[in-house]
Amino acid sequence: MKVLVPIKRVIDYNVKVRVKPDNSDVDLANVKMAINPFCEIAVEEAVRLKEAGTATEVVVVSIGDKKCQEQIRTALALGADRAIHIETEETLDSLNIAKLLQKVVEEEAPQLVILGKQSIDSDNNQTGQMLAALTGMPQGTFASEVKVDGGKVNVTREVDGGLQTVSLNLPAIVTTDLRLNEPRYAKLPDIMKAKRKPLDVKAAADFGIDLSPRSTLVKVAPPAERSAGITVETIDELVEKLKTEAKVIS
Amino acid sequence: MAILVYAEHDNSSLKAETLKTVAAAQAIGGDIHLLVAGHNCGGVAEEAAKVNGVSKVLVADNAAYEHQLAENVSLLVKDLAGDYDAIIATALTTGKNFMPRVAALLDVAQISDIIGVESADTFVRPIYAGNAIATVQSLDAKKVITVRATAFDAVATDGSAEVVALDSATDAGISSHVSDELTESERPDLGAAPVVISGGRGMQNGDNFKLLEGIADKLGAAIGASRAAVDAGFVPNDMQVGQTGKIVAPDLYIAVGISGAIQHLAGMKDSKVIVAINKDPEAPIFQVADYGLVADLFEALPELEGKL
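See the structure below:
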């Protein structure tokens, strides 16, 4: 069984993003970048499926400029077998990303596609579901457990009230939630080995898809700051303030 | 302009968040229809008919929609989409799951998790875990939108819309429901509670969350947790408040033993009044708290419970 894992290069999750002074976008110049945390979980899950003998090959794909090859190498160091880089200088929205991935799915014919549930930059939470729609595959989003069983995969999903398990016909799309697994750290020999793993580079423009943007970013502003309030010394004072000043309890 | 709003429900009752999503639809402006897709969901349809600002309730009551599987619901909504200029769902588990599927089937980009409406095609949404706020103009003729309910005020429920039964049963036949493990609780739903009290890593273990229960009972509060507390295994994931968990905006939010990581703040900083109880005076949570108490929670909590 082949597993395809699309990954995205994003700002490192430890970095606090800043908005550009002209409010045109966030400032990513000289900011530390990394593989999107949910995508890293997706890579880890695919590699675990291979280690368990369920998957035979793990292919990662990333769409972006040349620099996203850094994150592709990270995924290869974590255990993916080979990679595809779809090169573009444009920032594509989720629908266009999903359309490019659809072409990759048609060519690679994976039984399982595992993606992060959302990227921590645009926070859209769309690509996996869109890819599922375009390929006609079922989807198990926000997965906290994935069990492949014959021609089906059982996915336990994190839903508002707890957990829900669905059974999906393969091929299927899975998107990862935080508690699916804890990604390993790549060891130095694996990082060295990753440099020699196959990486196929294609141009996004060669896929014959209309990739024109579907929305315009009008402006980006910093969030309204919440200012610190007061320090109370005792529980009595706290209860008093909540009753008479904030009036949120009676 | 005609707008279809997807009603979030569990076949027995309409989720309160839907009332806020209808408010977002009103901000866009137009003739608003509510879609109730489920099975044996007549009660939900009755509730939906009372939602103000809604002119018609469409009810697709069929076994294919019982668990609102994305594969089936997306086909239903796609089939209805021709009559509407905008399709709107709440950014809760169901809406987040099936709406991008609808968008792709319609060849439309989705605008996710909006917190404001500037005009019929321009919306405001948080990006980078709420550390930046983007204003986005959609270029698609048809809009597919999910709404962060906490950003809108609920509409009233004294209306009387026409209820129309749909004769639809689109079963994609590629997925099935296996089981639900839902957390049973007497307390209000975390996403809709007027008061939320949350514990963090400072609670030290799951048993100590009992210290929050007495206070929650007295305040009619829901109990939440930080990601640190969930990851440490103290409490189940559905209690998590934060960017990757639930986004809450109650009248009163009490953070206990929570340091205030960006991740957590993103999920609660729109609360009206924030109280922080933490023994570390340097904890970042105090920078967003209206009332901060530097204290050992194991002494503070029993005292607070006693004085409420």
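Just so you know, the sequences run in chain order A and B.
Quick note, the first sequence lines up with residues 208 to 457 if you use the working numbering.
Quick note, the second sequence lines up with residues 1155 to 1462 if you use the working numbering.
Backbone N, C-alpha and C fix where the C-beta goes; we use that ideal spot for every residue, glycine too.
Note that the structure is predicted; figures quoted are calculated from it, not measured.
Contacts around residue i, its chain only, beta-carbon distance under 6 Å, and the 5 residues preceding and following it disregarded
| i | result |
| --- | --- |
| A:D234 | R225, K227 |
| A:T363 | S351, E352, L370, T372 |
| A:L341 | A305, Q309 |
| B:M1155 | G1184, D1239 |
| B:L1447 | I1431 |
| A:R280 | A401 |
| A:T382 | L322, K324, G335, T348 |
| B:N1206 | V1309, A1310, G1313 |
| B:A1382 | G1354, R1355 |
| B:L1462 | K1372 |
| A:L385 | none |
DSSP-derived helix/strand/coil call for residue i
| i | result |
| --- | --- |
| A:K454 | coil |
| B:H1221 | coil |
| B:N1432 | strand |
| A:T334 | helix |
| B:V1198 | helix |
| B:A1319 | strand |
| B:Y1160 | strand |
| A:K354 | strand |
| B:T1324 | coil |
| B:Q1358 | coil |
| B:H1418 | helix |
| A:N376 | strand |
| B:Q1441 | helix |
| A:R364 | strand |
| B:P1456 | helix |
| B:G1236 | helix |
| B:F1388 | coil |
Proximal residues to residue i (C-beta, below 7 Å), its chain only, five neighbours per side dropped
| i | result |
| --- | --- |
| B:A1203 | V1211, S1314, A1315, V1317 |
| B:I1401 | R1302, T1304, G1421 |
| B:T1337 | P1390, D1392 |
| A:C275 | R216, S269, H292 |
| B:A1181 | V1271 |
| B:S1228 | F1252, R1255, V1256, L1259 |
| A:S374 | K359, N361 |
Close Cβ partners of residue i (< 8 Å) along its chain, the five nearest in sequence each way excluded
| i | result |
| --- | --- |
| A:T263 | M208, K209, K257 |
| B:V1427 | D1405, L1406, Y1407, D1444, Y1445 |
| B:A1403 | T1304, A1305, M1422, D1424, S1425, K1426 |
| B:I1265 | F1277, R1279, V1290, S1292, K1297, V1298, I1299, T1300 |
| B:E1162 | L1168, K1169, E1171, T1172, T1175, A1243, T1244, L1246, T1248, G1249 |
| B:I1287 | I1269, V1278, R1279, P1280, I1281 |
Selection from the options that minimises the alpha carbon distance to residue i
| i | options | result |
| --- | --- | --- |
| B:H1221 | A:Q371, A:G357, A:I270, A:I248 | A:Q371 |
| A:P420 | A:T451, A:N303, A:V408, A:P429 | A:N303 |
| B:I1328 | B:E1225, B:N1165, B:E1171 | B:E1225 |
| A:G271 | A:D367, A:R289, A:A412, A:L385 | A:A412 |
| B:V1384 | B:V1159, B:P1280, B:Q1417, B:I1186 | B:Q1417 |
| A:A401 | A:V439, A:A249, A:P244, A:Q278 | A:Q278 |
| A:M344 | B:A1326, B:H1331, B:A1283 | B:A1326 |
| A:L387 | A:A435, A:A241, A:V250, A:I442 | A:V250 |
| B:P1456 | A:E452, A:E447, A:D443, A:I456 | A:D443 |
| B:A1177 | B:L1230, B:V1208, B:D1450 | B:V1208 |
| A:K239 | A:K223, A:A453, A:C246 | A:K223 |
| A:P405 | A:L283, A:N221, A:A253, A:N243 | A:L283 |
| A:Y392 | A:G286, A:E447, A:S326 | A:G286 |
| B:S1413 | B:E1436, B:E1335, B:G1374 | B:E1436 |
| B:D1275 | B:K1364, B:G1192, B:A1179 | B:A1179 |
Local Cβ density within 10 Å of residue i, reported as buried at 16 or more and exposed below that
| i | result |
| --- | --- |
| B:T1300 | buried |
| A:G260 | exposed |
| B:S1292 | buried |
| A:K273 | exposed |
| B:G1249 | buried |
| A:P429 | exposed |
| A:D219 | exposed |
| A:N332 | buried |
| A:G357 | exposed |
| B:H1331 | exposed |
| B:A1454 | buried |
| A:E252 | buried |
Taking Cβ-Cβ distances below 9 Å as the criterion, which residues of the segment 321 to 338 of chain A are in contact with chain B?
-> Of all residues in the segment 321 to 338 of chain A, K324, Q325, I327, D328, S329, D330, N331, N332, Q333, T334, G335, Q336, M337, L338 have a Cβ within less than 9 Å of some Cβ in chain B.
Listed from N- to C-terminal order along the chain, which residues in the segment 368 to 379 of chain A have their beta-carbon within a distance smaller than 7 Å of any beta-carbon of chain B?
-> If the cut-off is 7 Å between Cβ atoms, the segment 368 to 379 of chain A has G368, G369, L370, Q371, T372, V373, S374, L375, N376 near chain B.
Got a sec: which bits of the segment 1318 to 1331 of chain B sit with their beta carbon under 7 Å from any beta carbon on chain A, in order along the chain?
-> Hits within the stretch, in order: I1328, S1329, S1330, H1331.
Residues of the segment 436 to 451 of chain A with a CB closer than 9 Å to any CB of chain B: list them in chain order, please.
-> Residues of the segment 436 to 451 of chain A that bring their beta carbon within less than 9 Å of a beta carbon in chain B comprise G436, I437, T438, V439, E440, T441, I442, D443, E444, L445, V446, K448, L449, in sequence order.
Using a Cβ-Cβ cut-off of less than 7 Å, give me the residues of the segment 356 to 367 of chain A that come near chain B, in sequence order.
-> Of all residues in the segment 356 to 367 of chain A, only N361, E365, V366, D367 place a beta-carbon less than 7 Å from a beta-carbon of chain B.
When you check each C-beta in the segment 1210 to 1229 of chain B against every C-beta of chain A, which residues fall closer than 8 Å?
-> Per Cβ criterion, the list reads H1221, L1223, A1224, E1225, S1228.
Identify each residue in the segment 222 to 240 of chain A for which the Cβ-Cβ distance to at least one residue of chain B is less than 7 Å, and report them in chain order.
-> Close to chain B, meaning a Cβ-Cβ distance shorter than 7 Å, are the following residues of the segment 222 to 240 of chain A: K223, V224, V226, V233.
Would you list, in chain order, the members of the segment 244 to 258 of chain A that have their beta-carbon closer than 7 Å to a beta-carbon of chain B?
-> Per Cβ criterion, the list is empty.
Give, in chain order, every residue of the segment 1285 to 1299 of chain B whose Cβ lies closer than 8 Å to some Cβ of chain A.
-> Within the segment 1285 to 1299 of chain B, the qualifying residues are N1285, A1286, I1287, A1288, T1289, V1290, Q1291, S1292, L1293, D1294.
Looking at chain B, which residues of the segment 392 to 424 of chain A have a Cβ within less than 9 Å of any of its Cβ atoms?
-> The segment 392 to 424 of chain A vs chain B, Cβ under 9 Å: S419, P420, R421, S422, T423, L424.
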